[in-house]
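For the sequence shown, the working numbering begins at 1475 and goes up steadily by one. One structure below.
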Amino acid sequence: MEDQGVTEYAITYTGEDLPGDDTTRKVVYGVGVDDQHFVVHGFASGTVAAYGSLHDDDVSVVELLRRAVLEEIEARLSAGFPPESWTVSGFLTTLAYDVPDVPALGALLRSPKQCLWLREAEPRGHVCLAATASSARVTTPIGCERCQVPDSRLICGSLVFPEVVAGKGVGEESYRQVVNVRCEAAGDVGAGASCRPGGRECWRRTVATGRPAPQPNPDSPRRVVDEIGYLRLVYADRFELTRGKTKEFWPKSDESAVNSLRNPCTGLPDFRAHVVALCQMLLAMKPHGQLPAERRKSTDGHTVNGITALSLVLDDRFAGAGHSSIVMLEALNEARNRFSHNDQKELVAALRTLGVSYPPTGSYEVAWWQVAASVADGLAQIRTAIQDAMPAPLAEK
1475 MEDQGVTEYA ITYTGEDLPG DDTTRKVVYG VGVDDQHFVV HGFASGTVAA YGSLHDDDVS
1535 VVELLRRAVL EEIEARLSAG FPPESWTVSG FLTTLAYDVP DVPALGALLR SPKQCLWLRE
1595 AEPRGHVCLA ATASSARVTT PIGCERCQVP DSRLICGSLV FPEVVAGKGV GEESYRQVVN
1655 VRCEAAGDVG AGASCRPGGR ECWRRTVATG RPAPQPNPDS PRRVVDEIGY LRLVYADRFE
1715 LTRGKTKEFW PKSDESAVNS LRNPCTGLPD FRAHVVALCQ MLLAMKPHGQ LPAERRKSTD
1775 GHTVNGITAL SLVLDDRFAG AGHSSIVMLE ALNEARNRFS HNDQKELVAA LRTLGVSYPP
1835 TGSYEVAWWQ VAASVADGLA QIRTAIQDAM PAPLAEK
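Here it is as structure tokens:
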């Protein structure tokens, strides 16, 4: 199965290497995806390091390079350029900053702090979502500069739920102080000020690229069942199938199987059972009648399954419309098969296409809702493609 879903890259900071001739120390990041690991070095020339416009009492040139290199890594990944495309040397990429880069580095140095918990208020002003009391909610971007929560462009992806208080200090200077943060990866991280590159060894961020996964919710299992029914109706109408032919194309799912999708999902056995049950409903589909006889079989002479047949119908009869959404159905079938054969790597890839990490980082219940939401989206997009186009005539040899 071709994985056209979301790819998640993990970015880590591994420290600094010794300087070269007339260069700063190298800042070193790691970028990982599945079992592949890439390294990114970044350094500035001695001329750049000497520029007065890049000197700051609070930010060293090396700290500025940490920011610049991380920004470049995330920009490339978000634009769809994987690490293997950055260099011809395999796993290592080197980013060298010289005189032409000084204006961009200067702009980055002087850019105001950004915060995940800062919001604009109506009609004007700002509020802090991390404030523990209503009196502390009112803030300003300048006030945020004095807060220990790291800049959103640098903050570790595991830092969550900071709690901030505000007050007046010596000389009536206002302050904002972090009194508590939580970390989803480590233990006590203090006020979170060190949760940035070079601050803690456990620092980590992720960048997800590709098709965004739909948001899961408790209604997702019901929605995927509804979408099966909608696609059945639209397909039958588009091909003018009789009632008997419609039943032959896709018999209605057994009521007990439908109800099972709404059962609680409390662990791996339930999750696997739900995935298998939903996949069985999709494999009951038989769109083979809308294909030429020679397209109904694989190269080994076996009849293709219903998901593959629907993919061929979209290719042959609808000029490929909706074909990109079939990947969700294929991923579900792949996950079902890999559960049976205990192929961990392929199972992880299939579930990632559906928007789920494996094992799930949260509950199996939410993971199941995510699978159902992704398949429902795929079915809906296929239905729309069929609804919006007229099928080409059946081409028999």
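Where is the CB? At the ideal position from N, CA and C, for every residue including glycine.
Task: Close beta carbons around residue 1864, own chain, < 7 Å, minus the five adjacent residues each side - done: The beta carbon of residue 1864 sits closer than 7 Å to none of the beta carbons in its chain outside the five residues before and after it.
- [ ] For my contact list, residue 1842 and residue 1745 are in at a C-beta cut-off of 8 Å; report their separation, rounded to the angstrom.
- [x] So it is a contact: roughly 6 Å between Cβ atoms.
- [ ] Identify which residue in 1672, 1634, 1671, 1642 has its Cα closest to the Cα of residue 1654.
- [x] Here the closest residue by C-alpha is 1634.
Task: Rounded separation between residue 1610 and residue 1661 - CA only - done: Taking the straight line from one Cα to the other gives about 27 Å.
TODO: Can you grab the Cα-Cα spacing for the pair residue 1481 / residue 1552, in whole Å?
DONE: If you draw a straight line from the Cα of residue 1481 to the Cα of residue 1552, it is about 10 Å long.
Task: Per-residue burial, residue 1748 [other beta carbons within 10 Å of its own, 16 or more giving buried] - done: Residue 1748 should be labelled buried.
TODO: Let me know the secondary structure DSSP gives residue 1477 once reduced to three states.
DONE: With a pLDDT of only 42 at residue 1477, under the threshold of 50, the placement of this residue in the model should not be trusted; the figure read from the coordinates follows. DSSP places residue 1477 in coil when its eight states are reduced to three.
Open item on the list: Let me check one thing: in DSSP terms, what residues is residue 1510 bridge-paired to?
Closed with: Answer by DSSP bridge pairing, in chain order: 1507.
Open item on the list: So, at 6 Å on beta carbons, what are the nonlocal neighbours of residue 1496 in its own chain, with the 5 sequence-adjacent residues on each side left out?
Closed with: Result list for residue 1496: 1520, in chain order.
Open item on the list: Taking the straight line between their C-alpha atoms, what separation do you get for residue 1477 and residue 1676?
Closed with: A caution first: residue 1477 carries a pLDDT of 42, below 50, which makes its placement in the model unreliable, though a value can still be read off. Roughly 29 Å between the two C-alpha positions.
TODO: For residue 1771, name the three-state secondary structure that DSSP assigns.
DONE: Of the three classes helix, strand and coil, the one that applies to residue 1771 here is strand, per DSSP.
TODO: Could I get the ranges of all uninterrupted beta strand (DSSP E) runs contained in the segment 1611 to 1666, with 3 residues as the minimum, in chain order?
DONE: 1633 to 1642, 1648 to 1657, all fully within the segment 1611 to 1666.
Task: Assigned secondary structure, residue 1493 (DSSP; H/G/I helix, E/B strand, else coil) - done: In this structure, residue 1493 counts as coil in the three-state DSSP scheme.
TODO: Could you tell me which uninterrupted alpha helix (DSSP H) segments, each at least 4 residues in length, are contained entirely in the segment 1729 to 1763, listed from first to last along the chain?
DONE: Listed in chain order, the alpha helix (DSSP H) elements of length 4 or more contained wholly in the segment 1729 to 1763 are 1729 to 1734, 1742 to 1757.
TODO: For residue 1594, write down the residues that DSSP places opposite it in a beta bridge.
DONE: The partner list for residue 1594 (beta bridge, DSSP) reads 1600.
Open item on the list: Three Cβ pairs or more, each shorter than 8 Å: is that satisfied between the segment 1563 to 1578 and the segment 1521 to 1535?
Closed with: By the criterion of at least three beta-carbon pairs nearer than 8 Å, the segment 1563 to 1578 is in contact with the segment 1521 to 1535.
Task: Cβ-based neighbour list, residue 1851, same chain, cut-off 8 Å, excluding 5 preceding and 5 following - done: Taking residue 1851 as the centre and dropping the five residues before and after it, the same chain places the C-beta of 1688, 1799, 1802 closer than 8 Å to its C-beta, in chain order.
Open item on the list: Between which residues of its own chain and residue 1475 is the CB-CB distance below 6 Å, once the five residues before and five after are set aside?
Closed with: Residue placement at residue 1475 cannot be trusted, given a pLDDT of 36 that sits under 50; what the coordinates show is reported in the next sentence. When the five nearest sequence neighbours on each side are left out, the beta carbons in the same chain lying within less than 6 Å of the beta carbon of residue 1475 are those of 1804, 1808, in order along the chain.
Open item on the list: Quick check on residue 1540: does DSSP put it in helix, strand or coil?
Closed with: Helix.
TODO: Look at residue 1666 and residue 1623 and say whether their C-beta atoms are less than 8 Å apart.
DONE: The Cβ atoms of residue 1666 and residue 1623 sit closer than 8 Å to each other.
Open item on the list: For residue 1829, would you say it is in contact with chain D, using Cβ-to-Cβ distances shorter than 8 Å as the test?
Closed with: Absent from the structure is chain D; it holds one protein chain and no more.
Task: Local conformation of residue 1943 per DSSP, three classes - done: The structure shown has nothing for residue 1943, since the chain only spans 1475 to 1871.
Task: Residues bridged to residue 1485 (per DSSP) - done: Answer is 1505, 1679.
- [ ] From the DSSP output, in three-state form, read off residue 1517 for me.
- [x] Of the three classes helix, strand and coil, the one that applies to residue 1517 here is strand, per DSSP.
- [ ] Keeping to the same chain, check which residues put their C-beta closer than 8 Å to that of residue 1499; ignore five residues upstream and five downstream.
- [x] 1490, 1491, 1492, 1493, 1517, 1536.
Task: residue 1819 in three-state terms, based on DSSP - done: Residue state, collapsed to three classes: helix.
TODO: Would you identify the three-state DSSP class for residue 1587, choosing helix, strand or coil?
DONE: Residue 1587: coil per DSSP, three-state reduction.
Task: Integer Cβ distance of residue 1579 from residue 1544, believed to fall under 8 Å - done: Not really, about 13 Å apart at Cβ, beyond 8 Å.
Open item on the list: Please classify residue 1626 as buried or exposed, where buried requires at least 16 neighbouring CB atoms within 10 angstroms.
Closed with: Residue burial is scored here from C-beta neighbours: residue 1626 has fewer than 16 other C-beta atoms within 10 angstroms and is therefore classed as exposed.
TODO: Can you tell me which of 1772, 1714, 1823 puts its alpha carbon nearest to the alpha carbon of residue 1860?
DONE: Nearest option by C-alpha distance: 1714.
- [ ] Output the distance between the C-alpha atoms of residue 1777 and residue 1750, rounded to the nearest integer angstrom.
- [x] Residue 1777 and residue 1750: Cα-Cα distance of roughly 20 Å.
- [ ] With a threshold of 16 other CB atoms inside 10 Å of the CB of residue 1511, please say whether the residue is buried or exposed.
- [x] Label assigned to residue 1511: exposed.
Open item on the list: residue 1822 and residue 1832 - do their beta-carbons sit closer together than 8 Å?
Closed with: Between residue 1832 and residue 1822, the gap from beta carbon to beta carbon is short of 8 Å.
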